[in-house]
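Each residue of the sequence shown is one higher than the one before, starting from 0 at the first, in numbering that gives the first Met the number 0. Report on the structure given below.
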Amino acid sequence: MSKITEALKKSAEEMELQKKEIVFSDKPPSDEPPKLYRPQGRGLASSSQSHKLPLEERLRNRIYIAKATDDSGIDPRIVTYFDPKSAISEQYRIIRTHIQLNHLPKPLKTIMISSALHGEGKTITAVNLAIIMAHDLEKTVLLVDCDLRGGTIHQLLSVNPTGGLSDILINDIPLEAAFYKTRINNLTILPRGGIPHNPSELLGSKRMRKLLEELKSKFDYIVLDSPAIIPLTDASVLGSMVDGVISIVQAYRTPRRMVEHAQNLFKHVHAKIVGFILTQAEDYLPKYMYRYLHRDKLDNLADKSDNLAELTQ
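So, in structure tokens, the structure goes:
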């Protein structure tokens with residue numbers, strides 16, 4: 000019985016591994032960082048070791064990467080594609096519900112994803128959110144890469160474009176020549192195109208405003224991934240053209256004063272911030288919930304004594 004007891008204990012511990020979550024709020028995060036629950040899963044430092052690691056390394060360890068299940072070439076960080084039933088995918092569904100059921104006077108048809116600083120997870124968030132919206136709502140969704148300086152949406156979704164947003168704005172190529180279908184039903188992407196020498200001027204042009212109006216007539220929802228607002232003016236000029244802005248904030252990294260500064264910049268151009276997404280936050284289900292959700296699994300393990308010996312090795 001000792002092996003069975005040890006195996007059950009180990010299995011319970013494995014099922015209590017903490018899951019990275021995305022927290023959505025219509026208010027900026029507070030100064031106090033969320034409590035850190037250190038994962039112990041494969042490829043992650045154990046709780047007894049992780050507190051000794053530098054903060055940046057601990058943050059890298061907590062990036063959620065799904066297992067690629069096909070040869071699509073889609074980036075494993077797009078978990079809503081590879082693992083749509085995961086806890087992190089459910090967090091994106093919560094955000095989708097906030098967008099869909101908002102009580103704003105004007106429906107959120109064009110949604111811009113931005114952040115205060117670079118590297119806070121806005122592009123990964125934009126792609127995952129667009130996939131959830133296209134899949135669950137069964138509405139046509141256009142994902143636009145507005146980072147004309149170095150957008151990577153086409154790389155994340157394994158698309159090899161020959162044209163994109165900048166080519167429409169500069170060379171006036173037909174829209175259909177810049178649209179790219181993806182493996183996800185109802186999701187189309189408009190990649191950044193070639194890198195121009197005047198991205199801010201292009202994004203703030205009358206042609207861009209006219210283009211957005213034209214895109215609204217073709218798609219149910221438009222998700223725009225923009226650069227960070229503090230280092231560049233690109234997000235400022237775009238913010239005044241969309242129905243709502245969602246600002247990405249990375250836990251343990253983005254100072255509150257930067258979040259407030261970004262918020263003031265958006266307000267200055269009359270952009271409507273509809274919410275904040277806190278990335279790299281971690282939360283967990285209470286122990287009794289794990290016991291309830293996985294009770295049947297534990298009972299099955301107890302009946303399979305042949306497998307228990309393997310679990311204890």
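Note that beta-carbon positions come from the ideal geometry of N, C-alpha and C, so glycine has one too. All values reported here derive from a predicted model rather than from experimental measurement.
Thinking just about the alpha-carbon of each residue, which of S246, N101, L156, E175 is nearest to the one in L330? In this structure the chain extends from 0 to 312, so residue 330 is not present and cannot be described.
If you pair each beta-carbon of the segment 140-155 with each one of the segment 187-207, do three or more pairs fall below 8 Å? For the pair of segments examined, the segment 140-155 was found to touch the segment 187-207: the number of CB pairs separated by less than 8 Å reaches three.
Separation of E89 from A44, as counted between CA atoms: Because A44 sits at a pLDDT of 31, beneath the cut-off of 50, its placement in the model cannot be relied upon, and the following sentence gives the value as read from the coordinates. The C-alpha of E89 is placed about 25 Å away from the C-alpha of A44.
Where T278 sits in the DSSP three-state scheme: Here T278 sits in strand by DSSP.
CA-CA distance, R256 and D146? Just so you know, the alpha carbons of R256 and D146 end up roughly 24 Å apart.
Give every residue of the same chain whose Cβ lies closer than 7 Å to the Cβ of V244, excluding the five residues on either side of it in the sequence, and list them in chain order. Exclusion of the five residues before and after V244 leaves M111, S113, G238, F265, A270, K271, I272, V273 as the residues of its chain whose Cβ lies within less than 7 Å of its Cβ.
Going by the CB atoms, is the gap between L214 and V241 shorter than 8 Å? Taking 8 Å as the cut-off, the beta carbon of V241 is found no closer than this to the beta carbon of L214.
In terms of residue numbering, what span does the alpha helix (DSSP H) encompassing V268 cover? Careful: V268 lies outside any alpha helix (DSSP H) and carries neither H nor E.
Quick one, which of I123, M132, Y80 has its alpha-carbon nearest L100's? When the alpha-carbon of L100 is set against those of I123, M132, Y80, the nearest one is in M132.
Other residues of its chain near N263: CB distance less than 7 Å, five sequence neighbours each side excluded: Excluding residues within five positions, none has a Cβ falling inside 7 Å.
Quick one: is L128 buried, meaning 16 or more other Cβ sit within 10 Å of its Cβ, or exposed? So L128 counts as buried.
Are the Cβ atoms of I167 and L210 separated by less than 8 Å? Yes; because the gap between Cβ atoms is below 8 Å, this pair is in contact.
In the segment 131-215, which residue ranges form an unbroken beta strand (DSSP E) of at least 3 residues, counting only runs that do not cross its ends? Counting only runs of at least 3 residues, the segment 131-215 fully encloses the following beta strand (DSSP E) elements, listed from N- to C-terminal order: 140-144, 186-189.
Buried versus exposed, by CB contacts within 10 Å (16 or more), I123: Looking at its Cβ environment, which holds 16 or more other Cβ atoms inside 10 Å, I123 is buried.
Please classify S225 as buried or exposed, where buried requires at least 16 neighbouring CB atoms within 10 angstroms. It is buried - the Cβ of S225 has at least 16 other Cβ atoms within 10 Å.
May I have a chain-ordered list of the beta strand (DSSP E) segments no shorter than 3 residues that lie completely inside the segment 55-118? Runs found: 109-114.
Assuming V248 contacts L202 under a Cβ cut-off of 8 Å, what Cβ separation, rounded to an integer in Å, is found between them? The pair is not a contact, with the Cβ atoms about 23 Å apart (cut-off 8 Å).
With a floor of 3 residues, list each beta strand (DSSP E) that falls wholly inside the segment 222-267, ordered by position along the chain. For the segment 222-267, whole beta strand (DSSP E) runs of length 3 or above, ordered along the chain, are 243-249.
Count the other CB atoms, across all protein chains shown, that sit within 10 Å of the CB of T161; report buried if there are 16 or more and exposed otherwise. Label assigned to T161: exposed.
Can you tell which of A67, K105, S85, Y251 has the C-alpha that lies nearest to the C-alpha of S157? The shortest CA-to-CA distance from S157 to any of A67, K105, S85, Y251 is the one to A67.
Test item: CB-CB of R148 and P230 under 8 Å: Pairing R148 with P230 gives a Cβ-Cβ distance that is not under 8 Å.
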